[in-house]
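Encoded as structure tokens, the structure appears first; notes follow it.
There are 4 protein chains.
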Amino acid sequence: MGVSVVEPCIDDVRRIGESCSNWGRWGTDDELGTLNLITPESVRAGAATVELGEVISLGLPYNSAGPQTGGFGRFNPIHMMIRDGNDALAGTTPRDFYKGRDAYIRSADDIIIMPLQCGTQWDALSHIMYDGTMYNGIPASEISSLGARKSDITVAQDKMTGRGVLLDIARWRGVDSLEPGFVIGRAELEGCAAAQGTEVRAGDFVLVRTGQVGEVRRRGAWEDYAGGDAPGLGLSAPEWLHEHDVAGVATDTWGMEVLPNETKDVFQPLHIILIVYMGLWVGEIFDLEGLGTRCAEIGRREFLFSAPPLPITYAVGSPVNPQVVL
Amino acid sequence: MGVSVVEPCIDDVRRIGESCSNWGRWGTDDELGTLNLITPESVRAGAATVELGEVISLGLPYNSAGPQTGGFGRFNPIHMMIRDGNDALAGTTPRDFYKGRDAYIRSADDIIIMPLQCGTQWDALSHIMYDGTMYNGIPASEISSLGARKSDITVAQDKMTGRGVLLDIARWRGVDSLEPGFVIGRAELEGCAAAQGTEVRAGDFVLVRTGQVGEVRRRGAWEDYAGGDAPGLGLSAPEWLHEHDVAGVATDTWGMEVLPNETKDVFQPLHIILIVYMGLWVGEIFDLEGLGTRCAEIGRREFLFSAPPLPITYAVGSPVNPQVVL
Amino acid sequence: MGVSVVEPCIDDVRRIGESCSNWGRWGTDDELGTLNLITPESVRAGAATVELGEVISLGLPYNSAGPQTGGFGRFNPIHMMIRDGNDALAGTTPRDFYKGRDAYIRSADDIIIMPLQCGTQWDALSHIMYDGTMYNGIPASEISSLGARKSDITVAQDKMTGRGVLLDIARWRGVDSLEPGFVIGRAELEGCAAAQGTEVRAGDFVLVRTGQVGEVRRRGAWEDYAGGDAPGLGLSAPEWLHEHDVAGVATDTWGMEVLPNETKDVFQPLHIILIVYMGLWVGEIFDLEGLGTRCAEIGRREFLFSAPPLPITYAVGSPVNPQVVL
Amino acid sequence: MGVSVVEPCIDDVRRIGESCSNWGRWGTDDELGTLNLITPESVRAGAATVELGEVISLGLPYNSAGPQTGGFGRFNPIHMMIRDGNDALAGTTPRDFYKGRDAYIRSADDIIIMPLQCGTQWDALSHIMYDGTMYNGIPASEISSLGARKSDITVAQDKMTGRGVLLDIARWRGVDSLEPGFVIGRAELEGCAAAQGTEVRAGDFVLVRTGQVGEVRRRGAWEDYAGGDAPGLGLSAPEWLHEHDVAGVATDTWGMEVLPNETKDVFQPLHIILIVYMGLWVGEIFDLEGLGTRCAEIGRREFLFSAPPLPITYAVGSPVNPQVVL
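Protein sequences appear in the order of chains B, H, E and A.
Each residue of the first sequence is one higher than the last, beginning at 6 in the working numbering.
Each residue of the second sequence is one higher than the last, beginning at 6 in the working numbering.
Each residue of the third sequence is one higher than the last, beginning at 6 in the working numbering.
Each residue of the fourth sequence is one higher than the last, beginning at 6 in the working numbering.
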């Protein structure tokens with residue numbers, strides 16, 4: 006099924022969404038979406054890829070120098086100390102913390118204030134709504150000021166480990182970083198997988214590298230990384246992802262899909278198709294630079310992937326420090 | 006090396022600490038401590054244990070019903086919505102978030118305010134100081150209001166995956182939950198490992214189950230879980246852990262070590278020995294109930310373990326959702 | 006107009022509300038409610054009472070030992086240092102804060118995380134809704150996750166100064182503190198004003214002392230101060246307040262009105278009548294102990310009152326440090 | 006006592022500071038500084054100026070569009086809803102908040118996360134340290150991660166009401182806004198007071214208008230308002246303020262004093278002189294535009310001033326909504 010020749014619009018989004026829909030596939034009450042595709046077999050397949058015993062983190066540091074500039078009400082993490090080493094040295098830590106004893110021990114503690122989607126992150130399925138519902142027809146009203154009573158991030162608590170693959174589109178195209186606006190569609194996904202000898206299986210986590218985090222690093226500034234033009238998945242990608250029954254997809258960009266969007270009347274149409282219609286788990290702001298380089302060196306892009314979200318009750322997303330084991 | 010017969014005190018803590026010290030072992034600048042013991046081999050050994058393809062999370066949910074009651078300035082997580090489904094339905098989400106377009110899509114976002122050690126957690130080595138320094142002689146003054154400039158949690162960003170073992174002390178003792186004050190020393194660690202056929206190797210993550218989280222669940226209340234009396238590691242445990250060169254140790258209790266402490270003049274003496282002297286990574290408030298049960302069923306307590314902390318710059322700890330793969 | 010003899014219910018609430026309604030009185034777009042009653046004359050009248058030049062604060066300290074216990078999602082203030090004196094002494098404050106200079110100067114900064122209604126506070130008119138609207142028929146949907154786009158606290162930015170009077174009901178009744186459940190109705194308000202020689206005028210801020218803060222102080226614990234049984238205004242009070250055209254009313258209790266409520270089917274019925282129907286500004290958790298004592302000493306209970314809220318955009322309430330000048 | 010002709014430096018700061026010092030003036034334990042100068046007489050004098058019954062707020066709104074850009078770790082206020090009107094309409098507010106009753110009433114609540122000095126504010130005397138101490142020789146170590154155990158903002162809880170005067174320097178100079186770098190010294194303070202017929206008395210709050218907030222409004226952007234070049238008080242101002250025994254001084258700029266500073270080796274030298282040596286209370290980011298205009302119209306710049314800080318325990322500053330009554 007293709008996309009309108011002249012100008013894709015909401016009708017195309019709906020049509021593609023319906024063709025890829027997983028509503029009802031795992032029951033009318035399902036809140037897990039494509040994480041249902043994680044199976045003992047896919048987990049074993051992930052573990053079986055481990056040869057080198059190398060671990061690579063795909064997480065960017067969480068700090069005040071992050072990418073956020075206020076869009077969507079998001080801000081960079083605010084980290085504060087409850088007490089610290091200077092207090093310990095000055096002797097101003099309350100002794101009652103130490104049960105009134107002479108308190109040879111001293112400790113430091115800290116807090117974080119952060120939007121759950123301010124950095125490397127998973128979207129919960131409750132992050133996106135279309136036409137009054139989230140995935141599987143769950144009413145948007147399930148997400149109140151208390152958070153998401155359905156399909157919150159906790160449903161994925163033990164579901165984010167399995168087989169992962171890297172589709173290094175930037176390297177396949179021979180560039181350091183794809184240009185903003187570059188559309189990664191079915192052709193690019195297929196072409197890259199074929200050229201890089203990567204087999205995509207049901208239940209896989211598919212990591213799509215555009216090189217954008219590397220670009221940010223080279224220029225030394227986030228600039229409009231959060232919300233600005235970017236390379237990313239396009240309207241012909243969902244059906245490919247659906248055919249392969251992948252469990253999750255993650256990119257090194259702010260928003261996973263191409264910006265400007267191919268649709269003029271819909272912002273982030275793939276969020277509607279992938280998250281609302283398919284119930285597909287989407288990761289964003291993953292740092293794929295080190296992984297891309299190492300995979301190229303070893304000539305293998307299949308690995309064990311483990312990216313457990315924090316099980317924050319009612320949350321619609323979570324920061325994450327994804328691990329790849331090669 | 007033993008412990009004073011009559012009444013252990015700070016002198017014993019110091020003596021044991023020195024006998025187990027890893028200061029300088031990995032260089033005078035080392036900030037990693039026992040995570041240096043993670044090797045490609047230990048990671049491969051972890052992956053090699055995977056047979057069933059089952060994943061078990063050891064993370065407790067983060068929410069306002071957590072264990073904290075204010076001690077050490079800690080509080081339970083505060084989760085707030087930036088915008089939600091009810092806003093989407095009411096049409097009061099600002100359209101400019103969606104680039105001024107007709108905005109078929111709607112989204113929810115949220116923030117968290119939480120002490121980094123309010124639930125399932127890793128202590129960074131900078132969490133504990135003794136005599137003005139943290140592990141490896143790094144001055145306490147490196148931990149200011151800005152956080153820890155040395156040995157913060159980010160050093161462990163790609164170091165928390167490897168081989169894990171469970172020492173199910175409660176099950177070995179034939180109880181649902183060990184009593185508060187029960188000391189887990191060298192004899193208990195050795196006895197349990199032998200009885201349960203668990204081999205502890207260098208670079209392993211050792212999970213020690215007391216059953217206390219199960220006890221909390223049965224009684225339906227945290228009560229004094231945070232800071233009150235508890236079963237836990239005692240003064241003869243460090244040397245055993247040191248001899249086995251484990252990479253990390255985690256328990257299902259608030260504070261890993263036995264309370265009341267064996268030392269009357271020192272609060273939490275093992276925090277001094279393990280964290281400051283040994284540079285050993287300590288996990289707390291891990292939920293080991295499901296893991297204990299499943300391991301008993303399958304008769305195996307060795308597994309792949311992956312518990313990546315959030316790489317929060319300058320942080321002295323991190324929430325974590327640890328994963329075990331069987 | 007009276008209250009049903011047997012058992013007041015929502016019908017009585019509605020009837021009383023309608024009899025006291027100020028909807029439309031100051032225009033269909035009005036967001037100020039009874040603060041319209043503040044006039045140059047009432048402000049001058051307040052200033053004219055000043056004789057002694059004494060200032061009394063009615064604010065309770067904001068800190069972690071406050072009254073909140075989690076009800077309504079409220080918690081006590083969390084105060085954290087951005088940097089402090091120990092950092093200054095240790096020399097770990099970044100020099101770039103001081104423009105790279107030798108930085109003889111050092112500074113401390115801090116943040117607060119607090120519910121706006123966790124202590125001494127004003128309710129904005131947008132704090133309470135009934136039947137889908139707030140005061141003056143403004144739809145509840147004007148209050149989204151972004152806050153209140155209508156009748157937020159900022160409308161009162163320059164409106165909280167004027168003439169104030171104290172009705173010291175506890176002292177009038179000859180008790181330290183009124184009992185929980187004690188109803189302050191028309192008879193009590195009239196009786197107390199008459200006995201204490203207090204004239205209540207249009208545009209006044211009326212402070213009603215129950216003695217409950219003193220009771221908390223005597224027992225040394227908040228206990229169920231927040232949300233538990235309390236003395237307070239009853240169903241016959243609104244018409245008296247309406248007849249006197251007061252600008253605001255504040256008490257030394259958590260919730261201004263009597264608990265248990267006189268209505269079995271409606272929680273906090275006076276919040277509906279006073280805030281939604283009348284648009285009356287309500288203050289809570291005011292500390293009236295010192296004021297009560299001093300007024301008794303000087304035999305005067307009329308004064309200049311100034312209690313400016315923080316003009317937090319879209320906020321539905323504000324902490325406040327009210328000042329009385331005698 | 007003057008200032009070095011060629012290039013003022015830390016020696017001048019020290020010399021001026023010592024000549025103006027109030028250390029020990031009100032006792033060796035004093036934490037109040039110049040607020041000791043507030044007297045019943047000065048309060049009465051303030052109240053006596055009231056003629057018009059007009060109230061003007063000097064507070065800028067607290068919201069995400071404030072002046073902060075990260076300097077000194079400060080950020081703009083983050084306001085979040087605990088629950089809102091859309092929740093009420095959707096029926097997703099938990100009924101147990103309303104004691105299980107049919108809950109005709111609905112409410113909205115909110116929280117704020119804000120640096121205490123992110124907008125219109127008072128500095129507590131513990132905000133600034135020099136040479137290891139704050140005002141009156143109190144050691145900097147009294148300010149730990151717990152906050153200021155001495156001279157915190159709560160000491161001013163009932164001390165910020167009295168007589169206020171406006172020195173409208175911008176209007177006196179015939180400009181909308183003074184240029185960045187414009188030094189307001191003794192000559193300017195004296196000249197403006199004389200020309201505008203303003204008498205400055207002991208115990209007064211002196212408001213110094215540069216017009217900078219108006220400039221921000223005209224250009225529609227804060228730009229470098231927070232920390233950038235600005236008009237402000239210079240090194241010859243402290244002695245004038247000291248001679249007049251003023252209780253507090255506030256400006257419409259970020260940092261009260263001229264930037265670039267007159268001293269090349271000391272950042273913000275007047276903070277050292279005024280706050281540390283004199284114990285003078287300093288207000289910043291006051292909006293003096295409306296006040297300046299109205300005072301010019303009525304030809305009077307003396308008034309009742311009331312600017313109560315929030316009594317946040319251990320805080321080194323406070324947001325404030327200052328009120329002027331004309």
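Each residue gets a CB set at the ideal place from its N, CA and C atoms; glycine is no exception.
Please read all numbers here as calculations on a predicted model, not as lab measurements.
Any C-beta of chain B under 8 Å from that of residue i
i	result
T39/H	no
V221/E	no
Neighbour flag for residue i against chain A, beta carbons, 8 Å
i	result
S149/B	yes
M86/B	yes
I83/B	yes
N91/H	yes
F291/E	no
F80/B	yes
Under 8 Å between C-beta atoms of residue i and residue j
i	j	result
I317/A	L121/A	yes
Q217/B	P236/B	yes
W259/E	T39/E	no
I116/B	I118/H	yes
A153/B	S182/B	no
D197/E	W177/E	It should be pointed out that residue 197/E corresponds to Cys in this sequence rather than to Asp. It is a contact, given that the beta carbons lie within the stated cut-off.
L281/A	M134/A	What sits at residue 281/A in the sequence shown is Val, not Leu. Contact: yes.
L240/A	V213/A	no
L171/E	C300/E	yes
A52/A	L296/A	no
D173/H	Q201/H	yes
Y319/E	H84/A	yes
M86/A	S150/E	yes
Contact with chain H by residue i, beta-carbon distance below 8 Å
i	result
D209/A	no
T203/A	no
I15/B	yes
A231/B	no
A52/B	yes
Any C-beta of chain E under 8 Å from that of residue i
i	result
R191/A	no
M20/A	Sequence inspection shows Arg at residue 20/A; the Met mentioned does not correspond to that position. No, no contact with chain E.
Nearest neighbour of residue i, chosen from the options [CA to CA]
i	options	result
E336/B	R30/B, L57/B, S26/B, D35/B	There is no way to answer for residue 336/B, as the model of chain B reaches only from 6 to 331.
D209/A	T33/A, D181/A, V48/A	V48/A
G137/B	E23/H, E294/H, Y109/H, V160/H	Y109/H
G284/E	L275/E, S112/E, I290/E, F291/E	L275/E
S156/B	T166/B, P144/B, G167/B, S150/B	P144/B
V261/H	V321/H, F187/H, D250/H, P327/H	Just to set this straight, residue 261/H is Met in the shown sequence, not Val. Among V321/H, F187/H, D250/H, P327/H, the Cα nearest to that of M261/H belongs to F187/H.
L42/H	A231/H, M165/H, C300/H	M165/H
V341/H	V221/H, N266/H, Q126/H	Any question about residue 341/H goes unanswered here, given that chain H covers just 6 to 331.
Original post:
Using Cβ-Cβ distances below 9 Å, what residues of the stretch 309-325 of chain B are close to chain H?
Top reply: If the cut-off is 9 Å between Cβ atoms, the stretch 309-325 of chain B has L309, S311, A312, P313, P314, L315, P316, I317, T318, Y319, A320, V321, G322, S323, P324, V325 near chain H.
**OP:** Below 9 Å between beta carbons is the criterion; list the residues of the stretch 95-122 of chain A that meet it against any residue of chain H, in chain order.
**Re:** Legend: CB atoms of the stretch 95-122 of chain A lying less than 9 Å from CB atoms of chain H belong to residues A95, T97, I116, I118.
**OP:** Please list the residues of the stretch 62-76 of chain B that have a C-beta atom closer than 8 Å to any C-beta atom in chain A, keeping them in chain order.
**Re:** Of all residues in the stretch 62-76 of chain B, S69, G75 have a Cβ within less than 8 Å of some Cβ in chain A.
Original post:
Name the residues in the stretch 127-149 of chain E whose C-beta lies less than 7 Å from a C-beta of chain H; which are they?
Top reply: Listed by position, the residues of the stretch 127-149 of chain E near chain H (Cβ gap below 7 Å) are S146, S149.
**OP:** Pull out every residue of the stretch 259-285 of chain A whose Cβ sits closer than 7 Å to any Cβ of chain E, in chain order.
**Re:** Considering only beta carbons, the part of the stretch 259-285 of chain A lying closer than 7 Å to chain E consists of D270, V271, F272, Q273, H276, I277, in chain order.
**OP:** Anything in the stretch 157-182 of chain A with a Cβ closer than 9 Å to a Cβ of chain E? List those residues in chain order, please.
**Re:** If the cut-off is 9 Å between Cβ atoms, the stretch 157-182 of chain A has T159, Q162, D163, K164, M165, T166, G167 near chain E.
Subject >> Given 8 Å, three or more beta-carbon pairs between the stretch 63-73 of chain E and the stretch 69-82 of chain A >> reply: Not touching, per the Cβ criterion.
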